[in-house]
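Input: a single structure, listed below in structure tokens.
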Amino acid sequence: MRVYIAVDTEGEACVVGHGAGGAETGPWQFEFVRRQATAEAAAAVEGARRGGATDVLVHDVGFLRDHAPAGLNLHYDQLPRGVRIALGVAPMKQVVALGFDAALLIGHHARYGVDDGVMAHSYSMASLRHLTLNGRPVGEIGIESLQIGALGVPVVMVSADEAGCREAKQWLGDVEVAPTKQGLTYHGAVSLHPDDACDLIRTRAARAVERAANGEFKPFAIDPPYELRIETRTIAAADHRMQRHNAERAGPRTVVKHTDDPLELW
């Protein structure tokens, strides 16, 4: 079993940001986020191997605003030996296209606008607001799962806050989840102990990979065509998204992307 593990940096245990700007800016949590994201990634690797994985790739996909560039967050020397590591400017679609049998999303979060989602956002806290896919509110969990599925790989497990895990179930059905914390406010939660969260992730990852080996999951898919509607925070951000996504303007702060190819959505 070849297993792909994407590690974001908001859904880990005891990570809440600080309420004064970006998600993990400032000295309060920056280094802890890196350590806990690494620990939860390591737990996912250990669980995947216990479930039958023979080849594991860990993909650093987080972004610690003002502190670390995208894709350069984890302590790589603290991951289990023998894993491959994707980092830096390494688009998810390119990495998944290397070929895998199952995917795990670790440290993820709910979409923008979810009231009990810790640091809930859709791709960018700074520039984006609501995203809808074919009229349905969507965030990173939904779009990533669709694009990973388009490459023939099922998402079999998600770890996140409770809101993120609920979102994963809404999109993916009977996927394994590992909720690390219960959101109270945007920057507040009741969390598992960091080590207990790792234990839960290890257990759920093992079960997810075992189930994948037994053929219990299929790549997630939605029939085309697709309409992705993006609401930005500013007019300038909408200008940028029009160029980046080859999208149409639908309002001062709204752009719309139409495509039949899920890999072109983001």
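If you're matching positions, the sequence shown starts at 554 in my numbering and goes up one per residue.
Glycine included, each C-beta is placed from N, C-alpha and C at the ideal position.
Have a look at residue i and residue j and give me their C-alpha separation to the nearest angstrom.
| i | j | result |
| --- | --- | --- |
| G574 | A596 | Because the pLDDT at G574 is just 48, under 50, the model does not fix this residue reliably, and the value given afterwards should be weighed accordingly. Distance between the alpha carbons of G574 and A596: 30 Å. |
| V808 | A703 | 24 Å |
| A761 | Q582 | 30 Å |
| G695 | H683 | 13 Å |
| T756 | T607 | 17 Å |
| E577 | A679 | With a pLDDT of 48 at E577, under the threshold of 50, the modelled position of that residue is not reliable, and the figure given next carries that caveat. Roughly 13 Å between the two C-alpha positions. |
| V648 | L816 | 13 Å |
| A731 | I754 | 6 Å |
| N799 | D752 | 43 Å |
| G600 | A759 | 4 Å |
| G641 | D630 | 16 Å |
| V636 | G624 | 16 Å |
| S675 | E693 | 6 Å |
| D749 | L818 | 36 Å |
| P633 | D792 | 43 Å |
| G688 | P778 | 12 Å |
| A650 | E697 | 13 Å |
| P644 | A790 | 21 Å |
| D814 | W724 | 18 Å |
| D776 | N767 | 26 Å |
| V598 | K646 | 20 Å |
| H661 | A742 | 15 Å |
| T685 | P747 | 33 Å |
| L658 | G726 | 15 Å |
| R677 | L699 | Sequence check: residue 677 is Ser here, not Arg. If you take the alpha carbons of S677 and L699, they lie about 19 Å apart. |
| A774 | E584 | 37 Å |
Counting only the same chain and skipping the five closest in sequence on each side, list residues whose C-beta sits under 6 Å from that of residue i.
| i | result |
| --- | --- |
| G705 | P772 |
| V667 | A673, A716 |
| W745 | Strictly speaking, residue 745 in this sequence is Leu, with Trp absent from that position. Excluding sequence neighbours, L745 sits near A566, T733. |
| G670 | A663, A716, G736 |
| D654 | M554, R555 |
| V568 | V586 |
Can you round the beta-carbon distance between residue i and residue j to whole angstroms, since I take them to be within the 8 Å contact cut?
| i | j | result |
| --- | --- | --- |
| V691 | R664 | 6 Å |
| R555 | G652 | 6 Å |
| L681 | R797 | Actually they do not touch by this definition, with Cβ atoms about 11 Å apart. |
Does the distance from the CB of residue i to the CB of residue j come in under 8 Å?
| i | j | result |
| --- | --- | --- |
| G615 | D561 | yes |
| A713 | T733 | yes |
| H740 | G564 | no |
| L610 | I558 | yes |
| A639 | I701 | no |
Can you list, in chain order, the residues of its chain whose CB lies under 7 Å from that of residue i, leaving out five sequence neighbours each side?
| i | result |
| --- | --- |
| L627 | V560, R587, A590, T591, A594, D613 |
| M795 | R802, V808 |
| E780 | N687, V809, H811 |
| P622 | none |
| E784 | R682, H683, R806, T807 |
Near residue i, what residues of its chain come up, given a Cβ to Cβ distance below 8 Å and the 5 sequence neighbours on each side ignored?
| i | result |
| --- | --- |
| A803 | R782, V809 |
| C728 | This sequence places Val at residue 728; Cys is not what is there. Once the five neighbours on either side are set aside, the close Cβ partners of V728 are V708, V709, M710, V711, A721, K722, A761, F770. |
| I788 | P805, R806 |
Under a CB-based cut-off of 8 Å, is residue i close to chain D?
| i | result |
| --- | --- |
| T562 | Considering every chain present, this structure includes no chain D. It has just one protein chain. |
Any chance the CB of residue i is under 7 Å from a heavy atom of the ligand PLP?
| i | result |
| --- | --- |
| A774 | Absent from the structure shown: the ligand PLP. Ligands present: none. |
In chain order, which continuous runs of the beta strand (DSSP E) of length 3 or greater are located wholly inside the segment 632–704?
With a minimum length of 3 residues, the continuous beta strand (DSSP E) runs that stay inside the segment 632–704 are 637–639, 655–661, 681–686.
Whole beta strand (DSSP E) runs in the segment 577–617 with 3 or more residues, listed along the chain?
If one requires a minimum length of 3 residues, the beta strand (DSSP E) runs lying completely within the segment 577–617 are 608–613, in chain order.
Ignoring anything shorter than 3 residues or poking outside the segment 690–770, list the beta strand (DSSP E) runs there in chain order.
Complete beta strand (DSSP E) runs here, min 3: 708–713, 729–732, 734–738, 741–744.
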